[in-house]
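Enquirer: Before anything else, here's the structure in question.
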């Protein structure tokens with residue numbers, strides 16, 4: 243029986259062959275100051291992708307908070323600890339995001355109206371209430387969305 247042959251990776255396409263190995267190799271090259279060896283095109287792509295992922299996560303957490311705040315306000319008879327827990331968890335996630343990346347706070351303000359529209363539609367889908375039940379503009383401020391103690395009456 244023959245021993246398995248080690249995989250040989252070509253530096254030019256390591257990114258496509260073994261992503262984790264590419265990450266490890268790139269980090270080592272950067273730490274060693276071997277900048278000429280770094281796969282710059284894929285590194286730039288990954289850094290840009292990381293930024294987009296952070297923004298998408300922020301938007302997703304905000305939509306969940308707004309959706310549940312709408313449900314909490316407009317379906318008082320169905321309020322549950324689960325809704326409170328969901329609101330708290332997604333607020334915690336946003337607080338962590340802003341702690342790690344304070345520069346995303348202006349983006350939060352920027353996407354708030356669009357996220358509210360998404361939440362309005364989501365709340366309609368989840369509650370069975372007509373979308374027109376919910377105001378066109380958010381009845382909640384950005385501060386209320388982030389305030390761990392705020393729940394609508």
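Numbering (this note's numbering), first residue to last: 243 to 395.
Note that the Cβ used here is the ideal one computed from N, Cα and C, for glycine as well.
Because the structure is a prediction, the values reported are computed rather than measured.
Starting from the N-terminal side, write out each stretch of the beta strand (DSSP E) that is 3 residues or longer and does not extend beyond the segment 302–361.
Expert: Inside the segment 302–361, DSSP marks no whole beta strand (DSSP E) run of 3 or more residues.
Enquirer: Alpha carbons only, please: which of 366, 265, 391 is nearest the one belonging to residue 316?
Expert: 366
Enquirer: Does the beta-carbon of residue 298 have 16 or more other beta-carbons within 10 angstroms, so that it is buried, or is it exposed?
Expert: exposed
Enquirer: Could you give the DSSP three-state label for residue 267: helix, strand or coil?
Expert: helix
Enquirer: Suppose you measure from the CA of residue 308 to the CA of residue 264; what does that come to, to the nearest Å?
Expert: 39 Å
Enquirer: List the endpoints of the continuous alpha helix (DSSP H) containing residue 259.
Expert: 256–259
Enquirer: With DSSP run on the structure shown, which of helix, strand or coil describes residue 295?
Expert: helix
Enquirer: Can we say the segment 277–290 touches the segment 352–364, given the rule of at least three CB pairs closer than 8 Å?
Expert: no
Enquirer: So what does DSSP say about residue 279, is it helix, strand or coil?
Expert: It is helical.
Enquirer: So the alpha helix (DSSP H) residue 385 belongs to, where does it begin and stop?
Expert: Element bounds for residue 385: 384–388.
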